Amino acid sequence: MDRAQIVHENFLTRVAARDLPAGALPRPGLTAPEAVSLFRSQVLSRALDRTSRAMQKAGQGFYTIGSSGHEGMAAVAHALRPTDIAFLHYRDAAFQIARAEQVPGQQIAWDMLLSFACSKEDPTSGGRHKVLGSKALMIPPQTSTIASHLPKAVGAAYSLGAARRHDPEHRQLPEDGIAMCSFGDASANHSTAQGAINTAGWTSVQSIPLPLLFVCEDNGIGISVKTPKGWIQASMEHRPGIRYFQANGLDIYETFAVAQQAAEYVRTRRKPAFLHLKTVRLYGHAGADVPTTYLSRAEVEADEANDPLLHSVRLLDQAGALSPDQALKIYEQTCARTDRIAADAATRPHLSTAAEVAASLIPPKRPCKPTNGPSAEARAATFGSDLRAMDDPQPMARLINWALTDLMLEHGEIVCMGEDVGRKGGVYGVTQKLQARFGPDRVIDTLLDEQSILGLAIGMAHNGFVPIPEIQFLAYLHNAEDQIRGEAATLPFFSNGQFTNPMVVRIAGLGYQKGFGGHFHNDNSLAVLRDIPGVIIACPSTGADAARMLRECVRLAREEQRVVVFLEPIALYPMRDLHEGQDGAWMTRYPAPGERIALGEVGVHGDGTDLAIVTYGNGHYLSKQALPELAAAGLKTRIIDMRWLAPLPEQALLEATKGCKHVLIVDECRRTGSQSEALMTLFAEQTDLPTARVVAEDCFIATGPAYAAPLPSKDGIVAAALTLTGAAK
1 MDRAQIVHEN FLTRVAARDL PAGALPRPGL TAPEAVSLFR SQVLSRALDR TSRAMQKAGQ
61 GFYTIGSSGH EGMAAVAHAL RPTDIAFLHY RDAAFQIARA EQVPGQQIAW DMLLSFACSK
121 EDPTSGGRHK VLGSKALMIP PQTSTIASHL PKAVGAAYSL GAARRHDPEH RQLPEDGIAM
181 CSFGDASANH STAQGAINTA GWTSVQSIPL PLLFVCEDNG IGISVKTPKG WIQASMEHRP
241 GIRYFQANGL DIYETFAVAQ QAAEYVRTRR KPAFLHLKTV RLYGHAGADV PTTYLSRAEV
301 EADEANDPLL HSVRLLDQAG ALSPDQALKI YEQTCARTDR IAADAATRPH LSTAAEVAAS
361 LIPPKRPCKP TNGPSAEARA ATFGSDLRAM DDPQPMARLI NWALTDLMLE HGEIVCMGED
421 VGRKGGVYGV TQKLQARFGP DRVIDTLLDE QSILGLAIGM AHNGFVPIPE IQFLAYLHNA
481 EDQIRGEAAT LPFFSNGQFT NPMVVRIAGL GYQKGFGGHF HNDNSLAVLR DIPGVIIACP
541 STGADAARML RECVRLAREE QRVVVFLEPI ALYPMRDLHE GQDGAWMTRY PAPGERIALG
601 EVGVHGDGTD LAIVTYGNGH YLSKQALPEL AAAGLKTRII DMRWLAPLPE QALLEATKGC
661 KHVLIVDECR RTGSQSEALM TLFAEQTDLP TARVVAEDCF IATGPAYAAP LPSKDGIVAA
721 ALTLTGAAK
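Taking UniProt numbering, I'd label the letters of the sequence shown as residues 1 to 729.
Okay, structure coming up:
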């Protein structure tokens, strides 16, 4: 007999025999109807766990990580408001069920069983995953990644205070709301959780409003690895800036009372709190997990004897709210009801095609108030002497700065954040003056933690802001890539487009910094970004293009709710000259504020037909340097600047290369995993043009004089072009 059946029969037998575990008397706070309602939510959560396992055995369900032992979370839901955004641990079905009781018109059992069955009628994910979540209940769906939702919970909490000062057009959360996130004791050890908790405390001690409730559900084990006794309390009780609360999660009366105190503290003080909830885990980790393979039978049976439903029956009886016989009847009726509903849910249609599955990768567009851009008076007051400098050619870094200024003038919901972006103005000065112009509320100096920077952006986007987070160097993204891969990009996918977190992630990257930083500051691999479905990647090569493309990126985020990565080539930030010193040929003038380059629009430079060079970023610069030598060899060349790296602008590239006899791809990323692989495939499948590529070697970049040795060069481009076209002597 499996443990789920043992726990079920134990409940039936012990309640009938009045053999209930001992514990404290009910604490005041819950009325009898409220307590009974919470018990019903707990029972429904338990019944759904049992039903999900039966569905899985019958081939009708596909996910069996349940909530048994964590049913005390129903009381936490009751202590909060249904408008308080909640990022839930995957064992929190009882929380969602209890919250559904607070919102009229919910059919929570039906909705959750549709999710178990992966039916495309599932109102949360549309059949893409078994997830907790609901737009009506303000519960963004989470996948089962560990603790990755905590950084965005910090961001959502921060947004509540920020929205009071700068109300965004698409604000989702009430002014007096709080944010809540829950997680297990094992997840608390994850670097993502530690970073988020540290960020919350770091923010709080500076008296910045951060109304966030952390809820740690401590069942003492993570799959098979035990949490040391007392570890959570010892490590969390004295965190600076965070108030610690503790409750017995097996006791709904105590849990409600303490959760209510914690929520009131967070709501009134606008400071974070940590609610440590002691729970048990029943059944093992998931359906296929047999806990007695790594725990003694005595340990397993001790947890089963502490079944929170048994405690609830005792407490309800002691409070005079419900007799054990009535509780047993509710349990039996609920189990029968979930089985009946499941039989129907299992017949509902599923997703069947790739197009159906992918339909929610791209979020829906949203209407935005029209704008004519910033007024001349506002621009003059903000830019000051910079306005006169716009008549002259400037390097890329300065034009990006001006574009950010114009965009922030036009759209009050834009918020920039990152390490050093404010007072210092960025490592390369790209964000200079922005904090002085718009204040620390809109240009936020963050702590040194990329997960927290991106989490802040994701959470603020949940509340209608358009964040522009900065990652100082491309290599630093790897510390936090799951915030894009596992959180930002998947949110519309797993919520069927109901939840979005639009943003423009600015990343300084790529190679060619002379003798500086090695591979940490000269990272030339975009593979980590290119394979994330739904993410747009933009990479300008000139200052004017950067300004126009950044405006389009903000439009894509603001109006189309997209996650966009704006990759800025560091080596081109200060670039002034092209062929010789002081020629100023790589600088451009600042384009008028209304000018944009549309997504997928490539740049075509020249009309030669002998050779088309397809490139981007530093490759565009190097290819322009190669033109005189190619012309001297008799080659008529055009250069095609991709600009948009994902989604690959395939049709635009094919159109731009029409009439050319050869195609040379110049890609500063590595031979393996670079854009060049996709481009070679495109031209091989769609054309019969002779094609070759110049790429970086599969190697890290060195510091010192050899910095450019593994990278494409002007001479390498010339040699490859002459060989490809047969013009080599």
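We treat Cβ as the ideally placed atom computed from N, Cα and C, and that holds for glycine. Bear in mind that the values here come from a model prediction, so they are computed numbers and not experimental data.
Pairing Y590 with G603, the inter-Cα distance amounts to about 17 Å. For the options A702, Y428, L682 and G373, the alpha carbon positioned closest to that of L572 is the one of Y428.
Counting only unbroken stretches of 4 or more residues, the alpha helix (DSSP H) elements lying wholly within the region 663 to 692 are 675 to 686, in sequence order.
T268 counts as exposed, since fewer than 16 other C-beta atoms from the protein chains shown sit within 10 angstroms of its C-beta.
Of N198, F116 and G412, the smallest CA-CA separation from K57 is found for F116.
The region 178 to 191 makes no contact with the region 239 to 254; the number of CB pairs closer than 8 Å stays below 3.
For F87, the uninterrupted beta strand (DSSP E) run begins and ends at I85 to F87, by DSSP. Contact annotation: M396 and T542 have beta-carbon atoms nearer than 9 Å. For H170, the CB contacts under 7 Å within the same chain, skipping 5 residues up- and downstream, are R366 and G464 in chain order.
Nearest to P364 by alpha-carbon distance, out of A263, R551, L447 and L491, is L491. Following the DSSP letters along the chain, one finds E34 inside the alpha helix (DSSP H) bounded by residues A32 to K57. DSSP, reduced to helix, strand and coil, places G418 within a strand of the structure shown.
The region 641 to 659 and the region 609 to 626 touch, with no fewer than 3 CB-CB distances between them shorter than 8 Å. Taking each of A546, E304, G177 and L282 in turn and checking the Cα distance to R398, the smallest one comes out for A546. Taken in chain order, no unbroken stretch of alpha helix (DSSP H) lies wholly in the region 113 to 148 with a span of 4 residues or more. Straight across, the Cα-Cα distance linking G66 with D303 is about 15 Å. For A557 and L114, the gap between their C-alpha atoms comes out near 31 Å. Beta-bridge partners of Y244 (DSSP): F274. Here R506 carries a strand assignment [DSSP, helix/strand/coil]. Within the model, the alpha-carbon separation for R485 versus A631 is close to 44 Å. Here DSSP, grouped into helix, strand and coil, assigns P291 to helix. DSSP places W644 inside the beta strand (DSSP E), whose first and last residues are W644 to A646.
Cβ contact annotation for P240 (same chain, cutoff 6 Å, sequence separation greater than five): G201 and V205, in chain order. Bridge pairing for S182: V215 [DSSP]. Distance from the CA of A98 to the CA of A75, rounded to the nearest whole angstrom, comes to 8 Å. Contact annotation: the region 117 to 133 does not touch the region 165 to 180, with fewer than three C-beta pairs closer than 8 Å. Cβ-Cβ distances below 8 Å link L682 to L648, E650, L653 and L654 in the same chain, with the five nearest sequence neighbours on each side left out; the list follows chain order. Excluding the 5 residues flanking it on each side, R442 has same chain C-beta neighbours closer than 6 Å at V415, in chain order. When rounded, the separation of the alpha-carbon atoms in V215 and G584 is 58 Å.
In terms of Cβ geometry, A646 and V535 form a close pair [threshold 9 Å]. Judged by beta-carbon spacing, A86 lies within the 9 Å limit of A179, meaning their Cβ atoms are closer than that value.
Here T255 is buried: its Cβ has 16 or more other Cβ atoms, across all protein chains shown, within 10 Å.
If you check the CB distance, G509 and A696 do not come in under 9 Å.
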